[in-house]
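Enquirer: If you scroll down you'll find the structure; I have some questions about it.
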Amino acid sequence: MRLVLAATLTAATRAACEGPQPSRLKDAAAAVAAAGCDERVRGVLRIKVVEKGLNNQRLRFVQEILLAKLLGAGVELPNLIRTRRGCKFAAKCAFEQAPFDAVYDRNKTVARLRAAGICVVAGRTRGKARVARVRFPLPASAVERAAPRVEGVFQLGKGCCTLLVADTPRSARLFVLVNAAFASAARFAPAYRRVRDAFRAAAGRDAPLIALHWRIDEDFTSANRTLAHGLDAQKAIAATCAALRPLAASGPFHVLLLGDFGDGRAVVARVVKALSPCGVKVRLHSKETLLKDGLDASFSDGPAGGDDVKGQLDFRLGVGADVFVGAPFSSFSVLIAQARAARRRPSTMLAADTRDRLGQLMRAHAPYARDEFAKNAHAGRGRRVVAAVPVYEEAVLGLRNADADFLGC
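For the sequence shown, the numbering used here gives the first residue as 378, with consecutive numbering after it.
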């Protein structure tokens, strides 16, 4: 896929860009200067929040930050995230807003991003950001070759979730560093310790914390092609059994289930039944079965709660587990595996994929095993990944001319 630089603006676009553009340039310059960023940084990308699950939102954040870095721009973090309540992966879910700070520790996240070389501006820039127009997904190699620089405050479109293919060593390394920079809010630490300690009380003080992300759910397995990704449930269950069997070498063992929206006890019962053909003696737990008095209600209720907010606790448990078994077609599992890779902790991913090859796509554009980073960086990789992206993941964008200012306002 080529990065196409259009030579001219249309009269309509030129007219639409007149007026507010100078103020946006001043806003961006002032924000960058206040953040103490490199003087060569002239633009600011205002990160957009999409109506997707928390980790698809995070995946978008990571790619926008990486793209801003490649474009020589700073980033403006959002103040809000989207969350659902009682959704249980239903196709039609109502999204509500929750504070960004209810999920992430802003100060730690900003400090880590800056340590990775990202310009992060404080507060909010004024006015309406220009909407950039490029065709996604975009290979990072194309951006690096074009070396465009942008000015002013801009924003990307609504598309999700594959924007950038990390097909160079630099982009693959930055992808991992940026994802690892997102620090959980302090409110998750006590809950994390409670679940971890309850697991060890059930499994034994010296037992490893084994976390399994169960994602063999209807939105992945349904035969309805417009609602699901076509995951073969039986093959995925067989792959889960294959991943768990090596852990049973020394006898019965305990596993913590992650991703159990709703009634954790019911989910445990359903997974126990699904795994009965495995032939391994495993005792499954969820947060609800381990914590007799339950989680703090604020994780589910109130303005700082919801399904997706609570899901951040599962994310932290997956990153901190001694052993993590994930679903390669899920952004939740992939970003956990990436965060573990940054800490030099390996992950086990199921040998299963969806009909629309989400696992293949995730592995290519968001590499999560350190020995794969170099594999991403060879001729043609980006083009093949772009060709594999489902049509519904595409969004539209375009760059203007040799100095690479963005089209549109």
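For glycine and all other residues, C-beta sits at the position ideal for the given N, C-alpha and C. The structure displayed is predicted, hence computed values, not measured ones.
1) Roughly how many angstroms separate the alpha carbons of Leu735 and Asn433, rounded to a whole number?
2) Where DSSP assigns a beta bridge to Met739, which residues make up the other side?
3) Cβ-heavy atom distance between Ser708 and the ligand NAD below 7 Å?
4) Quick one, are the C-beta atoms of Met726 and Gly703 less than 8 Å apart?
5) Anyone know if the C-beta pair for Gln689 and Val553 falls short of 8 Å?
6) Buried or exposed for Gly656, going by 16 or more other Cβ atoms inside 10 Å?
7) For Gly413, count neighbouring Cβ atoms within 10 angstroms of its own Cβ and tell me buried if that reaches 16, exposed if not.
8) On the premise that Ala698 lies in contact with Ala588, defined as a C-beta separation below 8 Å, what is that separation, rounded to the nearest angstrom?
9) Determine the burial state of Leu608: buried for a count of at least 16 other Cβ atoms within 10 Å of its Cβ, exposed for fewer.
10) What does Thr460 pair with, by DSSP beta-bridge criteria?
11) Can you list, in chain order, the residues of its chain with a C-beta nearer than 7 Å to that of Arg816? Leave out the 5 residues immediately preceding and following it.
12) Measuring only the C-alpha atoms, how far is Ala744 from Gly534?
13) Might you give, ordered along the chain, the residues of its own chain that have their beta carbon closer than 8 Å to the beta carbon of Lys429, omitting 5 neighbours on each side?
14) Using the C-alpha atoms, what's the distance from Gln440 back to Pro546?
15) Identify whether Ile587 lies in helix, strand or coil by the three-state DSSP scheme.
16) Expressed to the nearest angstrom, what Euclidean distance is found between the alpha-carbon atoms of Ala488 and Arg577?
17) Kindly confirm or deny that the segment 707–724 and the segment 446–454 touch, where touching means at least three C-beta pairs closer than 8 Å.
18) Kindly give me the distance between the Cβ atoms of His606 and Asp404, rounded to whole angstroms, as I take these residues to be in contact under 8 Å.
19) Considering Cα atoms alone, identify which of Ala651, Leu652, Asp684 is closest to Ala471.
20) I'd like to know whether the C-beta atoms of Ile495 and Val452 end up nearer to each other than 8 Å.
21) According to DSSP, is Glu665 helix, strand or coil?
22) Measure the alpha-carbon distance for Val686 versus Leu586 and round it to whole angstroms.
23) Give every residue of the same chain whose Cβ lies closer than 8 Å to the Cβ of Leu621, excluding the five residues on either side of it in the sequence, and list them in chain order.
24) In the DSSP assignment, find the beta strand (DSSP E) that holds Gly529 and state where it starts and stops.
25) Across which residues does DSSP place Glu453 in a beta bridge pair?
26) Terminal residues of the continuous beta strand (DSSP E) containing Leu635?
27) Report yes if the CB atom of Ala646 is closer than 8 Å to the CB atom of Ala475, and no otherwise.
28) Which residues in the same chain as Arg435 place their Cβ atom closer than 8 Å to its Cβ, once the five residues preceding and following it in sequence are excluded?
29) Do you know how far the Cα of Val497 is from the Cα of Ala523?
30) Where does Phe706 fall in DSSP's three states?
Expert: The short version:
1) Taking the first residue of the sequence shown as position 1, residue 735 is located at position 358. Taking the first residue of the sequence shown as position 1, residue 433 is located at position 56. Going from the Cα of Leu735 to the Cα of Asn433 covers about 13 Å.
2) In the sequence shown, the residue the question calls residue 739 occupies position 362. Bridge partners of Met739: none, in fact.
3) Annotation note on the ligand NAD: not contained in the displayed structure, which lists no ligands.
4) As a working note, residue 726 is residue 349 in the sequence shown. As a working note, residue 703 is residue 326 in the sequence shown. Yes.
5) Stepping through the sequence shown from its first residue, residue 689 is reached at position 312. Stepping through the sequence shown from its first residue, residue 553 is reached at position 176. Not a contact, by the Cβ cut-off of 8 Å.
6) As a first step, residue 656 is located in the sequence shown; it is residue number 279 there, counting from the start. Under this definition Gly656 is an exposed residue.
7) Taking the sequence shown and counting its residues from 1, the one referred to as residue 413 is at position 36. That one is exposed.
8) Here residue 588 refers to the residue found at position 211 of the sequence shown. Here residue 698 refers to the residue found at position 321 of the sequence shown. Their Cβ separation, rounded to whole angstroms, is 4 Å, which keeps Ala588 and Ala698 in contact under 8 Å.
9) For the purposes of this step, residue 608 is identified with residue 231 of the sequence shown, where counting begins at 1. Looking at its Cβ environment, which holds 16 or more other Cβ atoms inside 10 Å, Leu608 is buried.
10) For the purposes of this step, residue 460 is identified with residue 83 of the sequence shown, where counting begins at 1. Its beta-bridge partners are Glu473.
11) Outside the displayed range of the chain (378 to 786) lies residue 816, so it cannot be described from this structure.
12) For the purposes of this step, residue 744 is taken as the residue at position 367 of the sequence shown. For the purposes of this step, residue 534 is taken as the residue at position 157 of the sequence shown. The sequence given here places Pro at residue 744; Ala does not occur at that position. Distance between the alpha carbons of Pro744 and Gly534: 24 Å.
13) Counted from its first residue, the sequence shown places residue 429 at position 52. The residues are Arg437, Arg459, Cys537, Cys538.
14) Here residue 546 is taken as the residue at index 169 of the sequence shown, counted from 1. Here residue 440 is taken as the residue at index 63 of the sequence shown, counted from 1. Distance between the alpha carbons of Pro546 and Gln440 is about 15 Å.
15) Residue 587 sits at position 210 when you count from the first residue of the sequence shown. In this structure, Ile587 counts as strand in the three-state DSSP scheme.
16) Sequence index remark: in the sequence shown, residue 488 carries index 111 (1-based). Sequence index remark: in the sequence shown, residue 577 carries index 200 (1-based). Whole-angstrom Cα-Cα distance: 33 Å.
17) no
18) Start at 1 with the first residue of the sequence shown, and residue 606 comes out as number 229. Start at 1 with the first residue of the sequence shown, and residue 404 comes out as number 27. Rounded, the Cβ-Cβ distance is 41 Å, inconsistent with contact.
19) Taking the sequence shown and counting its residues from 1, one reaches residue 471 at position 94. Of Ala651, Leu652, Asp684, the residue nearest in Cα terms is Asp684.
20) By 1-based counting over the sequence shown, the position of residue 495 is 118. By 1-based counting over the sequence shown, the position of residue 452 is 75. Going by C-beta atoms, Ile495 is nearer than 8 Å to Val452.
21) For the purposes of this step, residue 665 is taken as residue 288 along the sequence shown, with counting starting at 1. It is helical.
22) In the sequence shown, counting from the first residue as 1, residue 686 sits at position 309. In the sequence shown, counting from the first residue as 1, residue 586 sits at position 209. Each residue's alpha carbon lies about 22 Å from the other.
23) The residue you call residue 621 lines up with position 244 of the sequence shown. These residues qualify, in order along the chain: Leu589, Val632, Leu652, Cys655, Val657, Val659, Val702.
24) The residue given as residue 529 occupies position 152 in the sequence shown. From DSSP, the beta strand (DSSP E) with Gly529 extends over 529–532.
25) Here residue 453 corresponds to residue number 76 of the sequence shown, with the count starting at 1. DSSP lists Arg423, Val498 as partners of Glu453.
26) As a working note, residue 635 is residue 258 in the sequence shown. First-last of the beta strand (DSSP E) with Leu635: 630–635.
27) Numbered from its first residue, the sequence shown carries residue 646 at position 269. Numbered from its first residue, the sequence shown carries residue 475 at position 98. Result no, Cβ atoms of Ala646 and Ala475 do not sit closer than 8 Å.
28) Numbered from 1 along the sequence shown, position 58 holds the residue referred to as residue 435. So the qualifying residues of the chain are Asn556, Phe559, Ser708, Leu712.
29) Mapped onto the sequence shown, residue 523 falls at position 146. Mapped onto the sequence shown, residue 497 falls at position 120. If I take the Cα positions, the gap works out to 23 Å.
30) The count along the sequence shown starts at 1 and reaches residue 706 at position 329. Coil, per DSSP.
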